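Chemist: For the sequence shown, the UniProt record's numbering assigns the number 1 to the initial residue and increments by one for each residue that follows.
Ideal Cβ placement from N, Cα and C applies to all residues, glycine included.
These numbers were taken from a predicted model, which means no experiment stands behind them.
Handing you this structure, nothing more for now.
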Amino acid sequence: MSFCFNFDVPASSVKSDGVHGHGLQDEKKDKAAASPQDNTEPAEPAKEAKEHLLPSDPQFLLADAVSETVTIGTLPPLHFLNETVFEKTAPEREDDERILSRTAEQRSDLIPGVYEGGLKVWECTYDLLEIIEKDGETFGGKAVLDLGCGAGLLGILALKRGARHIHFQDYNSTVIEQLTVPTVLLNCQEDDDIESEDDTEGRGKGKAQEKDGCEKTLKEKQGVKDGSPPPKKIALGQSQHLSKCRFFSGDWSTFLDLILKTGPQPKYDIIFTSETIYNTAYYPVLHETLHKLLAPGGLVYLATKSHYFGVGGGLHLFESFVEQTGTFSVDHLWDGDEGLQRHVVVLRFKKPEDTGVGPIRDSCQ
Ligand SMILES: C[S@@+](CC[C@H](N)C(=O)[O-])C[C@H]1O[C@@H](n2cnc3c(N)ncnc32)[C@H](O)[C@@H]1O
C-alpha cells in the first residue's frame with residue numbers, strides 16, 4: 001500500500017484550543033510545533049475496547065497467508081503478512097469497520113478515529129528492533145504490552161525471547177483479527193514446530209540449533225506461500241507460545257478501563273509503542289495509559305518520527321507533554337539523522353512510587 005497521510009478534516013472538527021488543557025499549542029518556539037490546523041480530531045466516536053478470543057483451532061486463519069520475513073542481526077526471523085494482500089483482497093474480506101474500503105477510497109494511511117494505520121508495518125518498528133538487537137534487551141519472564149501493535153512484531157519478538165505474557169492492542173478490530181493474530185500464529189507455528197522437533201530429536205537449545213530453525217523456517221514459509229502446507233505442524237490450539245498472548249482492540253481510554261477491570265492489577269514490565277504519537281489529541285490518554293499500566297522499574301520503548309506532517313504530532317511535542325506532567329524521564333537511545341528524522345526513546349518513572357494505580361501487585365496475567 002503506498003498510501004500517505006491524508007487528513008482532510010472538516011474545519012468544524014478541528015480543535016483550536018490546545019490539547020485538553022495541556023498547552024501544546026503554546027510550544028511556539030518549537031519549529032515542529034503543531035498548528036491548530038494540524039491537530040486532528042477523530043472523525044467518529046472512539047471504538048469501545050474488547051478482547052479478541054481465539055478459536056480453539058485457529059489454523060484456518062493462516063489458510064491464504066502470504067508472508068514476508070524480516071531478519072535483523074542476531075534476532076530471530078520475524079514473519080508477517082504482506083500488506084498488499086489487504087488491498088488486493090479487500091472485497092472478499094470481512095470488513096465490519098469498513099476500514100479496508102475506506103482507506104482504499106481515501107487513499108490514506110490514517111483516518112482518525114476510524115482507521116489508525118495498523119494494517120502495515122511502519123518503519124520505526126524496524127528501528128526499535130535494531131535497537132533491541134544492539135542493546136540486548138532481555139524479555140525472560142517479563143510482562144509485555146505492544147501498544148498500538150499493528151502486525152505486532154515487537155510483541156512477537158518478546159514472545160520468541162521468553163516473555164511471560166504479551167498483550168497486543170490495536171485500535172481496529174480488523175487489524176487484530178486479520179493481521180495481528182495471523183502474524184502471531186505464523187510465528188508461533190514456527191517456534192512450536194522447532195521446539196517439538198527439538199524435543200523429538202533430543203536436542204537442547206542453542207545458537208546452532210537456532211540456525212537450523214531458520215533454515216527450516218524458510219522452507220516452511222515457502223510452503224505457506226505455495227499453498228502447500230509444511231509437512232508437520234502441531235495444533236496451534238495447543239501452542240505454548242499462543243497461550244501467553246492476549247489480543248485487544250479499541251481506543252486507549254476504553255482499553256485502559258477494560259484491562260484495569262481484568263484483575264489482578266495489570267502492570268507491564270515493558271511497553272512497546274511504535275509510531276503512535278502522530279496525533280497530539282491522543283497524548284493525554286496515551287500518557288495516562290502508560291502511567292497506569294507500567295510496572296515500577298518498567299520501561300516504555302517508544303519509536304517515532306520527529307514530526308508527522310499533515311497530522312501535527314511528533315517527538316518534541318510529546319516530550320514537552322511528558323515533561324509538563326512530570327511523571328516520566330525520557331532518554332534518547334537512538335536519533336537518526338537521514339531524511340525524515342526518526343528516534344527511539346525510553347521512558348521510565350522518575351519516581352518508582354509514582355505509578356498510576358494503588359499498591360503494586362503482580363504484573364498482568
Ligand atoms: C501508525 S500505526 C503503527 C502500527 C505499528 N505500531 C507499527 O509501527 O507498525 C499507529 C497505531 O497506533 C494505535 N493507535 C493510535 N491512536 C490510538 C488510539 N487513540 N487508541 C488506540 N490505539 C491507537 C493504532 O492501533 C495504530 O495501529
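Thinking residue 152 and residue 183 are a contact (beta carbons under 8 Å), I'd like their distance in whole angstroms, please.
Modeler: Yes, residue 152 and residue 183 are in contact; Cβ-Cβ is about 6 Å, under 8 Å.
Chemist: Opposite residue 249 in the DSSP bridges: which residues?
Modeler: Residue 249 is bridged to 50 and 170.
Chemist: For residue 307, tell me which candidate among 124, 49 and 88 has the shortest Cα-Cα distance.
Modeler: Considering only alpha carbons, the answer is 124.
Chemist: Give me the pocket residues for ligand 1, defined as CB within less than 5 Å of any heavy atom, sorted by chain position.
Modeler: Residues with a Cβ closer than 5 Å to any heavy atom of ligand 1, in chain order: 116, 117, 118, 121, 122, 125, 148, 150, 170, 171, 251, 252, 274, 275, 276 and 282.
Chemist: For residue 79, count neighbouring Cβ atoms within 10 angstroms of its own Cβ and tell me buried if that reaches 16, exposed if not.
Modeler: It counts as buried.
Chemist: Could you tell me if residue 347 is buried or exposed, where buried requires 16 or more neighbouring beta carbons within 10 angstroms of its beta carbon?
Modeler: Answer is buried; the Cβ neighbour count reaches 16.
Chemist: State the DSSP-derived secondary structure class of residue 276, mapped to helix, strand or coil.
Modeler: Coil, per DSSP.
Chemist: For residue 83, collect the residues of the same chain with a Cβ closer than 8 Å to its Cβ; drop the 5 residues on either side in sequence, then sort them by chain order.
Modeler: Counting only Cβ-Cβ distances below 8 Å, and skipping sequence neighbours, we find 1, 119, 120 and 121.
Chemist: Report all residues from its chain with a CB closer than 6 Å to the CB of residue 334; omit the five preceding and five following residues, and keep chain order.
Modeler: If we look at residue 334 and ignore the five residues flanking it on each side, its Cβ neighbours are 131 and 344.
Chemist: For residue 114, does the three-state DSSP call read helix, strand or coil?
Modeler: DSSP places residue 114 in coil when its eight states are reduced to three.
Chemist: Rounded to the nearest angstrom, what separates residue 246 and residue 135 at their Cα positions?
Modeler: Whole-angstrom Cα-Cα distance: 27 Å.
Chemist: Provide the residue(s) that pair with residue 268 in DSSP beta bridges, ordered along the chain.
Modeler: Answer by DSSP bridge pairing, in chain order: 294.
Chemist: Quick check on the DSSP output: what are the complete beta strand (DSSP E) runs of length 3 or more inside the segment 107–164, in order along the chain?
Modeler: With a minimum length of 3 residues, the continuous beta strand (DSSP E) runs that stay inside the segment 107–164 are 143–147.
Chemist: Give a yes or no on whether the C-beta atoms belonging to residue 313 and residue 278 are separated by under 9 Å.
Modeler: Yes, Cβ-Cβ distance for residue 313 and residue 278 is below 9 Å.
Chemist: Alpha carbon to alpha carbon, how far is residue 129 from residue 56? Give it in angstroms, no decimals.
Modeler: Near 31 Å, if we compare the C-alpha coordinates of residue 129 and residue 56.
Chemist: Taking the C-alpha atoms as reference points, what is the distance between residue 240 and residue 74?
Modeler: Taking the straight line joining both Cα atoms gives about 23 Å.
Chemist: Under 8 Å by Cβ, that's how I've got residue 329 and residue 350 pegged, so tell me the actual separation to the nearest angstrom.
Modeler: About 5 Å; that satisfies the 8 Å criterion.
Chemist: Residue 150 and residue 175 - do their beta-carbons sit closer together than 9 Å?
Modeler: The answer is yes: Cβ separation under 9 Å.
Chemist: Just the Cα atoms here: how many angstroms apart are residue 110 and residue 296?
Modeler: Straight-line Cα distance between these residues: approximately 33 Å.
Chemist: Note down, in chain order, each residue of its chain lying with its Cβ closer than 7 Å to the Cβ of residue 95, except the 5 sequence neighbours on either side.
Modeler: Cβ neighbours of residue 95 beyond the five flanking positions: 101 and 174.
Chemist: Going by DSSP, what residue range makes up the alpha helix (DSSP H) through residue 89?
Modeler: Start and end: 84–89.
Chemist: At which residues does the beta strand (DSSP E) containing residue 69 begin and terminate?
Modeler: Segment 67–70, the beta strand (DSSP E) holding residue 69.
Chemist: Considering only the alpha carbon of each residue, which of 44, 180 and 99 lies closest to residue 61?
Modeler: Measuring from the Cα of residue 61, the nearest candidate turns out to be 180.
Chemist: Please name the residue in 170, 137 and 186 whose C-alpha comes closest to that of residue 162.
Modeler: When only C-alpha atoms are compared, the closest one is 137.
Chemist: Can you have a look at residue 243 and say buried or exposed, based on whether 16 or more other CB atoms are within 10 angstroms of its CB?
Modeler: Exposed is the call here.
Chemist: In terms of residues, what are the limits of the beta strand (DSSP E) holding residue 329?
Modeler: 328–335 is the span of the beta strand (DSSP E), which, as asked, contains residue 329.
Chemist: Specify the secondary structure class of residue 261 as computed by DSSP and reduced to three states.
Modeler: In this structure, residue 261 counts as helix in the three-state DSSP scheme.
Chemist: Can you grab the Cα-Cα spacing for the pair residue 97 / residue 336, in whole Å?
Modeler: So the two alpha carbons sit approximately 36 Å from each other.
Chemist: Quick one: what's residue 79 bridged to in DSSP?
Modeler: Per DSSP, 69.
Chemist: With distances taken Cα to Cα, identify the nearest neighbour of residue 352 among 170, 59, 302 and 298.
Modeler: That would be 298, whose Cα lies nearest to the Cα of residue 352.
Chemist: Buried or exposed: where does residue 250 fall if 16 or more other Cβ atoms within 10 Å of its Cβ makes it buried?
Modeler: It counts as buried.
Chemist: Thinking C-beta only, is residue 139 closer than 9 Å to residue 248?
Modeler: Not closer than 9 Å, so no.
Chemist: Under 6 Å Cβ to Cβ from residue 255, same chain only, skipping five residues before and after it: list those, please.
Modeler: Cβ within range, chain order: 49, 169 and 248.
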